[in-house]
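Next comes the structure, spelled out in structure tokens:
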């Protein structure tokens, strides 16, 4: 009877194991549960670093128009960067998603207007998406036992309001940091920091409104400061 009981338990455990769905590839989730998976062809190009969100401001947006100056920010960016195994300062692939509704301008009604159909239309186009294709003009800036920093030009595609254009962002800063007691206060794993500034012309992305040029600037400035970890999100 004991043998039969053991065999029955093994069969039940096996059945449960078989019934479990196969684990998904390493993924990243937004606060609202949206999942971003790193494609296999990107993972094969180098080491993957995963964006740390929810901790500090990642995106700072500024519109400086004659009648009003608007500032917004978000810490809800998810995504990843793949760093070349040959050059630690070279990002060979990457993708980031900024949920439109996560941008906070400090006024709730203004946030709602920005996400409405008349502006960025978050219902139809919920994310601003950046996809990095290559890094050019890489130059070492500073090297210490704790980190190495590089200056570079990031090249990729920016999708906003359902429209995609190629963008080139010179003077970007890429910082590579080995794990240490200091970096562990941010996240476990080796860290990567990406900092850049660039501007977006709203008309290029099909965003039009009568107040653009007076209360909202036709060109919006973005200041990006992302921290990423070599550990997947669940292990950070």
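Numbering (this note's numbering), first residue to last: 272 to 507.
Ideal Cβ positions, reconstructed from N, Cα and C, are used throughout, including at glycine.
These numbers were taken from a predicted model, which means no experiment stands behind them.
- Query: For residue 337, which residues of its own chain have a beta-carbon under 7 Å away from its beta-carbon, when the five flanking residues on both sides are left out?
  - Reply: 485
- Under the rule that 16 or more other beta-carbon atoms within 10 Å means buried, what is residue 462, buried or exposed? buried
- Contact between the segment 334-348 and the segment 368-378 (3+ Cβ pairs under 8 Å): yes
- Mind checking residue 380: buried by the 16 CB within 10 Å criterion, or exposed? exposed
- Item | Cα-Cα separation, residue 458 to residue 435 | 32 Å
- Item | DSSP state of residue 371 mapped onto helix, strand, coil | helix
- Message: Starting from residue 423, trace the beta strand (DSSP E) in both directions and tell me its first and last residue.
- Response: 418-431
- Query: Who are the near neighbours of residue 480 in its chain, counting only those whose CB is closer than 8 Å to its CB and skipping five residues on each side?
  - Reply: 389, 390, 487
- Message: Here's the rule: buried if 16 or more other CB atoms are within 10 angstroms of the residue's CB, otherwise exposed. What is residue 368?
- Response: buried
- Message: DSSP has residue 469 in a bridge; who is on the other side?
- Response: 493
- Task: Could you work out which residue in 361, 358, 460 is closest to residue 506 when comparing CA atoms only?
- Result: 460
- Task: Enumerate in chain order the residues of its own chain whose CB-to-CB distance from residue 229 is below 7 Å, with the five nearest sequence positions on each side excluded.
- Result: As shown, the chain starts at 272 and ends at 507. That puts residue 229 outside it, with no answer to give.
- Message: Taking the straight line between their C-alpha atoms, what separation do you get for residue 501 and residue 398?
- Response: 24 Å
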